[in-house]
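Okay, so the sequence shown: first residue is 319 according to our numbering, each after it adds one.
Here the structure is laid out as structure tokens; the discussion comes afterwards.
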Amino acid sequence: MPQSATEKEIKKHYKRLSLKFHPDKVKLAPGETLDSAQEHFVNLTKAYKALTDETIRQNVIDYNDPDGRQQFSMGIAIPHWIVESQNSIWVLGVYGLLFGAGLPALVGRWWFGSRSYTKDGVRVETAELFFKSIREDISDSELLILLGKALANEKNILPNTAADGLQSQITGRLGANWAGNERDPKVLYTLILLYAHLLRIPVDGMLLTDQASLLLHTQTLLSSLLNITLAHSWLTTAIRVMRLHAFIVQGVASDSNSVLQFPSITEDPKTLPDSLEGLVEHLDAKGDSRVEDVKKIGESWPRLEVVDATYKVIGERLVTPGAIVQLIFKLRVCPPFASLIQSNGASNERRESKIDAELDQAFLTDKKDFEDLPAGERLSGWVHAPLWPSDRKPRWWAILSDDKTNKVVVPPLQVYDIPLVDSGKPRNYRSFKFQFQAPQGVGLYTWRLRFISDSIVGEEIVRDLTLKVDDLSLLTADEQHKDDQISDPEEDTLAGQMAMMRGGSVKRIPEDSDGSSTDVETDSGGSSSDSD
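As structure tokens, this is what we get:
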């Protein structure tokens, strides 16, 4: 009812509702009980009594509440001594110190601290060291020395005299290749711990703690060093930096045999085959009991397999100069001893590609570089790296390069969460992509797509991919979208005037279009007057 309703109208309305909702007369709806009907009628009666009472009715009109104006107050619960007058000077002093000195100091510390680090998470001084020291022909040993200097600059670790014994062991193993003439004691200490890890010389106590802290920080430093290398597009140097990740993770020197990654391999690695399968055959032929441990590791060894790698241009049949090209590659992990791999897998994949054409097309037009994984997909687990101080999942760099010029064509994309091979699934791989602009020149470009592991030594794949760039004239008129080109603006429009000022082309208006109509009107006017 409206708030302006009179008492007579309220009584009339209440009587009408009473005839309808009285418990003795109401018709119960499905699910409605007699108690609910009685409760509803009681509420109607209370409302009627409230509205017919003059005081309550006025309170509802004025304050929208039958009880009248409602007082509301709020406060802050603070100790009583803070608001006492004799303590006011101390309270103001604390506030002044907190907001006048403490807060600016905290913000300033954060601001100047963030300015001393690059976006890669390393100190500015370390980035300058990398930029000045990196060269296209840098060797693995020089990279390690550069990494040791960077670690000494990044980590505030004091040298420990217990490392002197390690230095003598390293000198005996490396001889003239050991950088033991380093004068800075902090740099020498970091190099001793780094080389002790690569040469698998055991350490303990405080040396082990310092070594673990240094090793974990090497990944950040190497990522920064890789970015600086890629700014020069140096292919060989970038590959050295990427491989150094795996050397440090596995604790294997760059000139050592990769079979040192496997358990219980302690003898001279030069007498052993440099592959997992070769090592298993070698140990099995000798009846060596260690073969079972190596096979067990091989069952979960994350060996990458490239299912397919192709160039695509969205909406185009050919790759033309300057086109945006998508390089799509499909990957899966195939542990060597987990299960038998079907020999006709390539033909199976071709049939699956036809079946999954819609998924491939959807991923091609998607903005993501990684294809979404279905729920419950089996992925490769943790990497077998007993010398690494933390758990680690396998990752790979995918990098497109031109080996003839020793240049990087497309910066590397790091891929991970790659599914395990499963012959029971029709799509047992994951698609990735990166895009780049095609060269401006027409011709064939023979490039290489490399996959380099950041956790396992020697697990690399190289694929030769030839990109054919065709002339634009080979496309049909429809493919060139000639009919979809935007027409020039007319010269008598605002857009046309702006285009003419910029020296652009406009659509001319026929000069006699307006004049002819005027002449017709004039002639007709004159002839009519003559007739008159």
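Every residue gets a Cβ at the ideal spot worked out from N, C-alpha and C, and that includes glycine.
Residue i: first and last residue of the uninterrupted alpha helix (DSSP H) it sits in
i: Asp342; result: Run containing Asp342: none; DSSP gives neither H nor E here.
i: Lys743; result: No alpha helix (DSSP H) holds Lys743; DSSP gives it neither H nor E.
i: Asn361; result: Leu352 to Thr370
i: Lys908; result: Examination of residue 908 is not possible in this model, given that the chain is present from 319 through 850 alone.
i: His515; result: Pro503 to Leu516
i: Ala468; result: Asp458 to Glu472
i: Ala497; result: Taken as a continuous stretch (DSSP letters only), Ala497 belongs to no alpha helix (DSSP H), as it is neither H nor E.
i: Leu677; result: Ala675 to Thr683
Residue i, DSSP secondary structure in three states
i: Asp788; result: coil
i: Pro320; result: coil
i: Lys725; result: strand
i: Tyr734; result: coil
i: Gly640; result: coil
i: Trp552; result: strand
i: Gln755; result: strand
i: Glu808; result: strand
i: Gly776; result: coil
i: Ile328; result: helix
i: Leu691; result: coil
i: Leu544; result: helix
i: Val521; result: coil
i: Met560; result: helix
i: Asp455; result: coil
i: Ile475; result: coil
i: Trp408; result: helix
i: Gly605; result: coil
i: His702; result: coil
i: Asp482; result: helix
i: Gln487; result: helix
i: Arg334; result: helix
i: Ser618; result: coil
i: Phe580; result: coil
i: Asn382; result: coil
i: Gln389; result: coil
i: Phe655; result: coil
i: Gly349; result: coil
i: Gly426; result: helix
i: Arg375; result: helix
i: Lys686; result: coil
i: Glu446; result: helix
Counterpart residues of residue i in DSSP-defined beta bridges
i: Val567; result: Answer by DSSP bridge pairing: none, since Val567 is not bridged.
i: Ser749; result: Lys648
i: Leu767; result: Leu718 and Arg781
i: Gly761; result: Val787
i: Tyr435; result: Arg441
i: Leu697; result: Pro737
7 Å CB neighbourhood of residue i in its chain, flanking five on each side removed
i: Lys473; result: Ser531, Leu532 and His535
i: Leu335; result: Leu362
i: Asn746; result: Arg650, Pro737, Val739 and Asp740
i: Ser661; result: Residue confidence for Ser661 is low, a pLDDT of 40 falling below 50, so the modelled location carries little weight and cannot support an answer.
i: Thr495; result: Just to set this straight, residue 495 is Asn in the shown sequence, not Thr. Counting only Cβ-Cβ distances below 7 Å, and skipping sequence neighbours, we find Ser459.
i: Gly386; result: Asn377
i: Trp700; result: Asp709, Arg710 and Lys711
i: Leu544; result: Ala556, Val559 and Met560
i: Gly663; result: Unreliable positioning characterises Gly663 in this predicted model, as indicated by a pLDDT of 47, which lies under 50. The coordinate reading is nonetheless provided below. Closer than 7 Å at the Cβ level, and outside the excluded window around Gly663, lies no residue.
Continuous beta strand (DSSP E) stretch holding residue i: start and end
i: Lys588; result: Unbroken run through Lys588: none, as it is neither H nor E.
i: Glu623; result: Leu622 to Lys630
Sequence-distant residues of its chain with Cβ nearer than 6 Å to residue i (five each side left out)
i: Gly851; result: No answer is possible for residue 851: it lies beyond the span of the chain, which begins at 319 and ends at 850.
i: Glu581; result: Sequence check: residue 581 is Pro here, not Glu. So the qualifying residues of the chain are Asp611.
i: Ile583; result: Val577
Cβ shell of residue i (< 8 Å), same chain only, five flanking positions each side left out
i: Gln753; result: Ile642, Val643, Gln644 and Leu645
i: Phe681; result: Ile646, Glu689, Ser749 and Lys751
i: Ile546; result: Ala445, Phe448, Phe449 and Ile452
i: Gly844; result: Since pLDDT at Gly844 reaches only 44, below the 50 mark, its modelled position is unreliable, and the value read off the structure follows with that caveat. Excluding positions up to five away in sequence, the list is empty.
i: Arg713; result: Gln732, Val733, Tyr734, Ser771, Asp772 and Ser773
i: Ile632; result: Ile642, Gln644, Leu682 and Thr683
Interface flag, residue i vs chain D, CB-CB below 8 Å
i: Arg713; result: Protein chains in the displayed structure number just one, and chain D is not present.
Requested in this report: Spell out a yes or no on whether the region 502–516 and the region 482–493 are touching, meaning 3 or more CB-CB pairs, one atom from each, closer than 8 Å.
Outcome: yes
Could you check whether the region 404–424 touches the region 516–524, counting it as contact only if at least three pairs of C-beta atoms, one from each stretch, sit closer than 8 Å? Cβ pair count under 8 Å is below three, so no.
Between the region 755–768 and the region 694–709, do three or more beta carbon pairs fall short of 8 Å? no
Item to complete: Spell out a yes or no on whether the region 319–329 and the region 349–363 are touching, meaning 3 or more CB-CB pairs, one atom from each, closer than 8 Å.
Response: no
Counting beta carbon pairs with one atom in the region 468–484 and one in the region 551–571, are three or more of them shorter than 8 Å? no
Count the C-beta pairs between the region 683–691 and the region 711–727 that are closer than 8 Å, then say yes if the count reaches three, no if not.
Flag = no, the region 683–691 and the region 711–727 do not touch.
Q: Flag this pair as touching only if the region 785–795 and the region 754–762 have three or more C-beta atom pairs under 8 Å; answer yes or no.
A: Three or more Cβ pairs drawn from the region 785–795 and the region 754–762 lie within less than 8 Å of each other, which places the two stretches in contact.
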